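So for the sequence shown, the UniProt record's numbering puts the first residue at 1; every next one is plus one.
What follows is a single structure, written as structure tokens, with notes after it.
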Amino acid sequence: MICYHVCQDNERSQANLDETYDFLSTHYDSLTSTRIEDRTKALIQNINRTI
């Protein structure tokens, strides 16, 4: 019985990992490009303040 629960939990964990991986691989480009845009905007603002 314990083995059954462990196996079930492993399957659920693997399904969650697969789902997370699919999400990240699908959205990775948009997530990183957003971060790069934000960093670029912050950098430009810092430069403008300095000047």
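Note that the Cβ used here is the ideal one computed from N, Cα and C, for glycine as well.
As the structure is a prediction and not an experimental result, all values here were calculated from the model.
Roughly how many whole angstroms lie between the Cα atoms of residue i and residue j?
i, j, result
"D18", "I47", "42 Å"
"T26", "T50", "38 Å"
"R35", "I44", "14 Å"
"E37", "D29", "12 Å"
Please go through the same chain and pick out, in chain order, the residues whose beta-carbon is closer than 8 Å to the beta-carbon of residue i, but skip the five residues on each side of it.
i, result
"K41", "none"
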